[in-house]
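Asks:
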Amino acid sequence: MTQTKKPIRARELASQRKREEVLKEPPQELTGDLKADMALIKKLVHYSSDIVFREFALGTEERVEAGLIYADALVNKQVIDQDIMQGLMHWAGLVRAGQPLTRSNAFQYIEEYLLTIGEIKITGQVEEILGGILSGDTALLIDGSPQAYLTNTRSWAMRTPTEPNVEAVIRGPREGFTETLIVNLGLVRRRLKDPDLKVETFEIGKRTKTSVSLLYVVDIINSRIVTELRRRLKNISIDGIVDSSYVEQLIEDSTASPFPQIHSTERPDKVVANLLEGRAAIIVDGSPFALIAPAVWAQFFHSPEDYYERSQIGTFVRIIRLLSMFFSLTLPAIYIAFTSFHPEMLPIPLALAISGARSGVPFSPFLETLVMEIMVEILREASVRLPGPIGQTIGIIGGLILGD
């Protein structure tokens with residue numbers, strides 16, 4: 011067993027050292043030679059078939075070589091055709107302001123006259139260009155220029171906001187977060203039209219480069235909370251972030267605690283309500299669950315519907331939830347204590363009824379309760395994980411068996 015672990019550990023250390031060496035290397039930049047730069051980017055993406063490379067020529071008086079690079083599944087091809095290619099191929103031959111497009115002025119000429127996209131970024135760093143391409147941007151390279159355009163052409167299949175299944179309410183909004191960060195930010199902005207609402211976006215994950223946004227209202231939240239959250243987010247060192255639960259476990263105080271220390275929700279109205287109470291929200295691209303911090307114990311017993319009902323009703327329902335939690339934790343222990351150690355404390359009719367019900371049970375009250383708890387968890391897991399019809403059937407049959 012020890013012999014098999016050593017090579018694995020050695021490979022992990024070697025991989026970590028290699029990543030650290032790559033990070034220490036100076037950032038690679040474009041050379042200005044279109045053929046060489048296109049070949050370099052092809053090599054860096056390992057000639058992946060979903061990365062499109064297209065080379066073409068511009069100008070009529072002087073031939074100017076150019077190239078487009080984009081991820082086929084992450085872009086809006088209509089935007090590329092109409093706002094980039096049409097301008098470059100159709101209008102590049104026209105003389106504007108008495109100055110034709112030539113090799114010497116091509117880069118500035120394209121930016122001023124030919125590109126009709128609103129969001130354009132200019133960079134010469136290969137790593138930044140790769141990050142933009144893998145995020146849905148289109149890179150435009152011009153022969154003779156050591157810089158490239160990154161144009162915003164992002165578009166991909168996304169889920170429309172629907173009512174959350176976990177936090178459904180009778181009265182209140184029916185919208186929930188989706189897996190797209192920009193959509194989730196829009197859901198919050200639409201409800202909180204306050205210029206003091208600030209959004210800070212971080213890029214976390216050496217490989218996934220996931221966008222993580224920190225939201226707070228500047229003039230309401232305690233600045234020390236923002237400083238601490240910002241510090242913890244910046245200190246995250248991990249290969250990838252797939253869900254907001256990764257961030258939750260990496261920034262919480264005690265990772266060994268089984269209890270949640272940060273509140274999560276799928277509802278934009280709940281996020282807005284907490285922002286107005288002086289808390290901060292963390293939204294992760296690719297996850298429909300937003301994180302709310304700091305969180306207190308009583309907050310986990312609140313429901314969004316409590317704010318939409320009258321105060322008396324909301325308070326009563328919260329008391330019912332607290333009592334339900336207390337009974338669910340203490341009733342099994344009380345049952346074992348009374349039936350095994352203090353049966354004399356039970357009323358005689360109740361003691362006789364319990365004794366008659368347990369006459370055919372070969373287990374002690376403690377073992378009986380333990381088996382019951384485990385079986386309930388097994389049935390709950392089966393009803394959630396198995397396909398719909400099978401899960402419902404198992405839940406019904408299991409409930410009948412346990413009840414019997």
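Take this note's numbering: the final residue in the sequence shown is number 414, and no numbers are missing along the way.
Here a beta-carbon is modelled for each residue, glycine too, at the ideal position from N, C-alpha and C.
Could you pull out every unbroken beta strand (DSSP E) segment of at least 3 residues lying fully inside the segment 75–158, listed in chain order?
Replies: 130–133 and 147–152
Asks: Could you round the C-beta distance between Ile94 and Thr161 to whole angstroms and report it? I think they count as a contact, below 8 angstroms.
Replies: Position 84 of the sequence shown, counted from the start, is the residue given in the question as residue 94. Position 151 of the sequence shown, counted from the start, is the residue given in the question as residue 161. Contact holds; Cβ gap of about 6 angstroms.
Asks: Give every residue of the same chain whose Cβ lies closer than 6 angstroms to the Cβ of Val227, excluding the five residues on either side of it in the sequence, and list them in chain order.
Replies: As a position in the sequence shown, residue 227 is number 217, starting the count at 1. The beta carbon of Val227 sits closer than 6 angstroms to the beta carbons of Asp206, Leu207 and Leu285 from its chain, once the five residues preceding and following it are set aside; these are given in chain order.
Asks: Mind reading off the beta-carbon distance from Leu389 to Gly405? Whole number of angstroms is fine, and I expect it under 8 angstroms.
Replies: Position 379 of the sequence shown holds residue 389. Position 395 of the sequence shown holds residue 405. So it is a contact: roughly 6 angstroms between Cβ atoms.
Asks: If we call anything under 8 angstroms between Cβ atoms a contact, is Leu332 one with Phe311?
Replies: Taking the sequence shown and counting its residues from 1, one reaches residue 332 at position 322. Taking the sequence shown and counting its residues from 1, one reaches residue 311 at position 301. Cβ distance < 8 angstroms, so Leu332 and Phe311 count as in contact.
Asks: Which value, in whole angstroms, describes the spacing of the CA atoms of Leu410 and Thr403?
Replies: By 1-based counting over the sequence shown, the position of residue 410 is 400. By 1-based counting over the sequence shown, the position of residue 403 is 393. Taking the straight line joining both Cα atoms gives about 11 angstroms.
Asks: Hey, Ile254 and Ile302 are a contact pair by Cβ (cut 8 angstroms); roughly how many whole angstroms apart?
Replies: Counting from one through the sequence shown, the residue named residue 254 turns up at place 244. Counting from one through the sequence shown, the residue named residue 302 turns up at place 292. The question names Ile, yet the displayed sequence has Ser at residue 254. With a Cβ gap of about 11 angstroms, Ser254 and Ile302 do not count as contacting.
Asks: Report the partner residues of Ser59 according to the DSSP bridge assignment.
Replies: Locating residue 59 in the sequence shown gives position 49, where the first residue counts as 1. None; Ser59 has no bridge partner.
Asks: In the DSSP assignment, find the unbroken beta strand (DSSP E) run with Ser274 in it and report its ends.
Replies: For the purposes of this step, residue 274 is identified with residue 264 of the sequence shown, where counting begins at 1. Residues His273 to Thr275.
Asks: Alpha carbon to alpha carbon, how far is Gly182 from Phe269?
Replies: As a first step, residue 182 must be located in the sequence shown, where it is residue number 172. As a first step, residue 269 must be located in the sequence shown, where it is residue number 259. Looking at the two C-alpha atoms, the distance is approximately 28 angstroms.
Asks: By the three-class DSSP mapping on this structure, what secondary structure does Thr220 have?
Replies: Within the sequence shown, numbered from 1, the residue matching residue 220 stands at position 210. Thr220 falls in the strand class under three-state DSSP.
Asks: Whose C-beta lies closer than 6 angstroms to the C-beta of Glu65 among residues of the same chain, with five residues either side of it excluded?
Replies: Taking the first residue of the sequence shown as position 1, residue 65 is located at position 55. Taken in chain order, the residues that qualify are Gly77.
Asks: State buried or exposed for Gly250, treating a residue as buried only when at least 16 other CB atoms are found within 10 Å of its CB.
Replies: Walking along the sequence shown from the start, residue 250 turns up at place 240. Exposed.
Asks: Starting from Ile292, trace the alpha helix (DSSP H) in both directions and tell me its first and last residue.
Replies: Reading the sequence shown from its first residue, position 282 is the one you call residue 292. Ile292 -> not in any alpha helix (DSSP H); beta strand (DSSP E) instead, spanning Ala290 to Val294.
Asks: Is the Cβ-Cβ distance between Gln157 and Ile132 less than 8 angstroms?
Replies: In the sequence shown, residue 157 corresponds to position 147, counting from 1. In the sequence shown, residue 132 corresponds to position 122, counting from 1. In this structure, Ile132 lies closer than 8 angstroms to Gln157 by Cβ.
Asks: Here's the rule I'm using: 16 or more other beta-carbon atoms within 10 Å means buried, otherwise exposed. How should Val386 be labelled?
Replies: Along the sequence shown, read from residue 1 onward, the residue named residue 386 stands at position 376. Burial call: exposed.
Asks: Answer yes or no: do Thr172 and Ile90 have a C-beta to C-beta separation smaller than 8 angstroms?
Replies: The sequence position of residue 172 within the sequence shown is 162, counting from 1. The sequence position of residue 90 within the sequence shown is 80, counting from 1. Taking 8 angstroms as the Cβ cut-off, Thr172 and Ile90 do not qualify as a contacting pair.
Asks: Leaving aside the five residues before and after Phe376 along the sequence, list all residues of the same chain whose C-beta is less than 7 angstroms from its C-beta, in chain order.
Replies: Within the sequence shown, numbered from 1, the residue matching residue 376 stands at position 366. The answer, listed in chain order, is Ile346 and Ser350.
Asks: Leaving aside the five residues before and after Thr170 along the sequence, list all residues of the same chain whose C-beta is less than 8 angstroms from its C-beta, in chain order.
Replies: Here residue 170 refers to the residue found at position 160 when the sequence shown is read from its first residue. Closer than 8 angstroms at Cβ, skipping near neighbours: Thr188.
Asks: Are Glu258 and Ser274 closer than 8 angstroms when you measure CB to CB?
Replies: Against the sequence shown, residue 258 aligns to sequence position 248. Against the sequence shown, residue 274 aligns to sequence position 264. A contact, by the Cβ cut-off of 8 angstroms.
Asks: Using a threshold of 8 angstroms, state whether the C-beta atoms of Ala361 and Pro353 are closer than that.
Replies: As a first step, residue 361 is located in the sequence shown; it is residue number 351 there, counting from the start. As a first step, residue 353 is located in the sequence shown; it is residue number 343 there, counting from the start. Cβ distance < 8 angstroms, so Ala361 and Pro353 count as in contact.
Asks: Relative to the alpha-carbon of Phe212, which residue among Arg200, Ser233, Arg320 and Ser247 has its alpha-carbon at the smallest distance?
Replies: Looking up residue 212 in the sequence shown gives position 202. With distances taken between Cα atoms, Phe212 lies closest to Ser247.
Asks: Between Val136 and Leu50, how many whole angstroms is the CB-CB distance? I'm expecting something under 8 angstroms.
Replies: Taking the first residue of the sequence shown as position 1, residue 136 is located at position 126. Taking the first residue of the sequence shown as position 1, residue 50 is located at position 40. Val136 to Leu50, Cβ: 7 angstroms. Contact.
Asks: Would you kindly check if the distance between the Cβ of Val252 and the Cβ of Leu225 is under 8 angstroms?
Replies: Here residue 225 refers to the residue found at position 215 when the sequence shown is read from its first residue. Here residue 252 refers to the residue found at position 242 when the sequence shown is read from its first residue. No, the pair does not count as a contact, with Cβ atoms beyond the cut-off.
Asks: Would you call the CB atoms of Glu177 and Arg289 closer than 8 angstroms?
Replies: For the purposes of this step, residue 177 is identified with residue 167 of the sequence shown, where counting begins at 1. For the purposes of this step, residue 289 is identified with residue 279 of the sequence shown, where counting begins at 1. No, these two residues do not count as a Cβ contact at 8 angstroms.
Asks: Taking DSSP as the reference, what is the three-state secondary structure of Ile214?
Replies: Within the sequence shown, residue 214 is the residue found at index 204, counting from 1. Shown here, Ile214 sits in a strand according to DSSP, grouped into three states.
Asks: Can you tell me the Cα-Cα spacing of Leu44 and Asn245, whole angstroms?
Replies: Reading the sequence shown from its first residue, position 34 is the one you call residue 44. Reading the sequence shown from its first residue, position 235 is the one you call residue 245. Answer to the nearest angstrom: the Cα atoms are 38 angstroms apart.
Asks: Taking all protein chains shown into account, decide if Lys280 is buried (16 or more other Cβ within 10 angstroms of its Cβ) or exposed.
Replies: As a position in the sequence shown, residue 280 is number 270, starting the count at 1. The residue in question, Lys280, is buried, as its Cβ has 16 or more Cβ neighbours within 10 Å.
Asks: Report buried or exposed for Ala67, applying the criterion of at least 16 other Cβ atoms within 10 angstroms of its Cβ.
Replies: Start at 1 with the first residue of the sequence shown, and residue 67 comes out as number 57. Flag for Ala67 reads exposed.
Asks: Which residue or residues does DSSP assign as beta-bridge partners of Leu239?
Replies: What you label residue 239 is simply residue 229 of the sequence shown in a count that begins at 1. DSSP output for Leu239 lists no bridge partner at all.
Asks: Starting from Ile346, trace the alpha helix (DSSP H) both ways and give me its first and last residue.
Replies: Stepping through the sequence shown from its first residue, residue 346 is reached at position 336. Taken as a continuous stretch (DSSP letters only), the alpha helix (DSSP H) holding Ile346 covers Ser321 to Ile346.
Asks: By the 10 Å Cβ neighbour count, where 16 or more other Cβ atoms means buried, how is Ile407 classified, buried or exposed?
Replies: In the sequence shown, counting from the first residue as 1, residue 407 sits at position 397. Counting every other CB atom within 10 Å of its CB across the protein chains shown gives Ile407 a total below 16, marking it as exposed.
Asks: Hey, is Val294's beta-carbon within less than 8 angstroms of any beta-carbon in chain D?
Replies: Within the model displayed, chain D is absent; a lone protein chain is all it includes.
Asks: Going by C-alpha distance, which of Leu84, Arg368, Glu185 and Leu341 is nearest Pro298?
Replies: One-based indexing of the sequence shown puts residue 298 at position 288. It is Glu185.
Asks: Should Asp82 go down as buried or exposed, given a rule of 16 or more other Cβ atoms within 10 Å for buried?
Replies: Within the sequence shown, the letter at position 72 stands for residue 82. Per the 10 Å Cβ criterion, exposed.
Asks: Run the proximity test for Ala46: is its beta-carbon closer than 7 angstroms to any non-hydrogen atom belonging to the ligand FMN?
Replies: Among the components of this structure there are no ligands whatsoever, and the ligand FMN is therefore not found.
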